[in-house]
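Let me begin by presenting the structure, written as structure tokens, before commenting on it.
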Amino acid sequence: MRALLRTVEEPTDFTTQHLLAPARAELRFWESVLSGEGTAAALSHEWAAPDGLLDRVHPDFARALRETDGDGRPAVSMLSVLVGASRETALSAHSGITATLLGRRRGDQLGRPADTPAVLVTQVVRVGEVPVLAAKHMLPTGAPALPVLHSH
């Protein structure tokens with residue numbers, strides 16, 4: 069995994085819908101490229117709920133995110149930070165899968181033409197009824213297989 073961007077941003081349509089983020093909230097946003105067999109295999113966008121909400125519903129995740137900021141360790145996914153901080157917290161999640169095209173920006177990031185077909189996987193992870201993480205993962209056709217491990 070290679071980190072492209074680690075920042076705070078205002079809600080987008082996606083995060084308003086999936087994280088129920090209010091206008092002008094500050095959301096952590098991580099953009100990463102996942103590699104497989106030496107080539108870019110997927111582009112990952114992950115957002116966390118606002119810090120104040122996380123401090124109330126999942127303080128261990130909030131703390132782990134703050135500790136991960138600029139710690140000099142190799143890049144990890146926000147989802148892996150969440151899972152690592154959730155040993156004592158029950159999580160639930162749902163995912164969606166759709167077909168799309170990469171588009172110009174994502175194509176540039178993955179070294180592919182804009183009209184490359186891709187699979188878009190969306191994820192929302194909750195603590196109880198409260199969404200704490202939302203993500204989009206773009207996998208272009210022809211990308212190497214990525215192993216997925218589910219455990220908790």
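Take 69 as the starting number for the sequence shown in the numbering used here and just add one per residue. Glycine included, each C-beta is placed from N, C-alpha and C at the ideal position. For clarity, every value in this text was computed on a predicted model and none was experimentally measured.
Under the three-state DSSP convention, the category residue i falls into
i: Met-206; result: strand
i: Glu-197; result: coil
i: Thr-157; result: coil
i: Ala-132; result: helix
i: Ala-211; result: coil
Residue i classed as buried or exposed, judged by whether at least 16 other C-beta atoms fall within 10 angstroms
i: His-162; result: exposed
i: Pro-215; result: exposed
i: Pro-127; result: exposed
i: Thr-209; result: exposed
i: Met-69; result: exposed
Element boundaries [alpha helix (DSSP H), containing residue i]
i: His-86; result: 81 to 86
i: Leu-121; result: 119 to 125
i: Gly-152; result: 146 to 152
i: Arg-173; result: 172 to 178
Rounded distance between the beta-carbons of residue j and residue i, thought under 8 Å
i: Ala-109; j: Arg-96; result: About 23 Å separates the two Cβ atoms, so there is no contact after all.
Which listed residue (the options) has its alpha carbon closest to that of residue i
i: Thr-190; options: Arg-174, His-113 and Arg-70; result: His-113
i: Thr-80; options: Ala-203, Arg-124 and Ala-213; result: Ala-203
i: Val-223; options: Val-151, Arg-174, Pro-181 and Thr-157; result: What the structure shows of the chain is the stretch from 69 to 220, and residue 223 is not part of that stretch, so it cannot be assessed.
i: Arg-134; options: Pro-199, Arg-70, Arg-74 and Gly-106; result: Arg-74
i: Arg-194; options: Leu-159, Val-101, Leu-72 and Trp-98; result: Leu-159
i: Glu-99; options: His-86, Val-76, Glu-197 and Asp-119; result: Val-76
Proximity test, Cβ basis, 8 Å: residue i and chain B
i: Asp-81; result: In summary, chain B is missing from the structure at hand, where a single protein chain is found.
Start-to-end residues for the beta strand (DSSP E) that takes in residue i
i: Ala-71; result: 70 to 77
i: Glu-22; result: This structure does not reach residue 22, given that the chain is present from 69 up to 220, and the question cannot be answered.
i: Leu-102; result: 95 to 104
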